[in-house]
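Taking it in order: structure first as structure tokens, then the write-up.
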Amino acid sequence: MSKAKNPPKQASNESRAVLRMYRSSPQKLNLLAQQIRGLPVERALAELQFSPKRPAKDVRKLLQSAIANAENNHGLDIDSLVVAEAHVGKNLVMKRIRARARGRAARIVKPFSQLTIVLRDTSVEAEAA
Numbered sequence: 021m022s023k024a025k026n027p028p029k030q031a032s033n034e035s036r037a038v039l040r041m042y043r044s045s046p047q048k049l050n051l052l053a054q055q056i057r058g059l060p061v062e063r064a065l066a067e068l069q070f071s072p073k074r075p076a077k078d079v080r081k082l083l084q085s086a087i088a089n090a091e092n093n094h095g096l097d098i099d100s101l102v103v104a105e106a107h108v109g110k111n112l113v114m115k116r117i118r119a120r121a122r123g124r125a126a127r128i129v130k131p132f133s134q135l136t137i138v139l140r141d142t143s144v145e146a147e148a149a
């Protein structure tokens, strides 16, 4: 039997959720990540709820997953959660070809990306300070 992977290192007052293999370019996903970075979770959910961008719905689901992780797995207070980190990474790129005139071909790139959201409980920091 193989050894289990080590769980990712995170503080006791943090919770995270990762969206992998999301079919959108990192640049477009990063626009949403910038919008919610540093906001309280209620405000971030509201921002995503009314955002006209296509990935906003899936980013909102990811944020709700991170909130559920904070509550159920780490026992953190939902009301004092803040989006501490929201970063986007590149993933797979599917390459396709489109036929062009005179026997030529143009490349079509279909990028995938990955989004990580880390929530931090600010009430724990206030108690520790």
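In this text, residue positions in the sequence shown follow our numbering: the first is 21, and each later residue adds one. Glycine included, each C-beta is placed from N, C-alpha and C at the ideal position. Bear in mind that the values here come from a model prediction, so they are computed numbers and not experimental data.
At a cut-off of 7 Å, is residue 100 close to the ligand COA when judged by its beta-carbon and the heavy atoms of the ligand? Although the ligand COA was asked about, the structure shown includes no ligands whatsoever.
I'd like the list of long-range same chain contacts for residue 102, defined as Cβ closer than 6 Å, with 5 residues on each side in sequence excluded. Closer than 6 Å at Cβ, skipping near neighbours: 60, 140, 142.
Notebook entry, point to check: So residue 110 and residue 133 are in contact, right, with Cβ under 8 Å, and what is the actual spacing, rounded?
Noted result: The C-beta distance from residue 110 to residue 133 rounds to 6 Å, short enough to meet the 8 Å contact threshold.
Report task. Quick one: which unbroken alpha helix (DSSP H) runs of 4-plus residues sit fully inside the segment 87-148? Chain order, please. Result -> Taken in chain order, the complete alpha helix (DSSP H) segments of 4 residues or longer contained in the segment 87-148 are 142-148.
The alpha helix (DSSP H) enclosing residue 65, as first and last residue numbers: For residue 65, the enclosing alpha helix (DSSP H) begins and ends at 61-69.
Exercise. When the Cα atoms are used, what is the spatial distance from residue 129 to residue 75?
Worked result: Going by C-alpha positions, residue 129 is about 18 Å away from residue 75.
- Message: I believe residue 91 touches residue 136 by the beta-carbon criterion, under 8 Å. Please report the beta-carbon distance rounded to the nearest angstrom.
- Response: 19 Å between Cβ atoms; not a contact.
Reference residue 43, options 112, 119, 123, closest by Cα:
In this structure, 112 is the residue among 112, 119, 123 with its C-alpha nearest to the C-alpha of residue 43.
Could you check whether residue 39 and residue 82 sit closer than 8 Å to each other, using their CB atoms as the reference points? The Cβ atoms of residue 82 and residue 39 lie closer than 8 Å to each other.
inquiry  = Tell me the residue span of the alpha helix (DSSP H) that contains residue 53.
reply    = Unbroken alpha helix (DSSP H) run through residue 53: 46-56.
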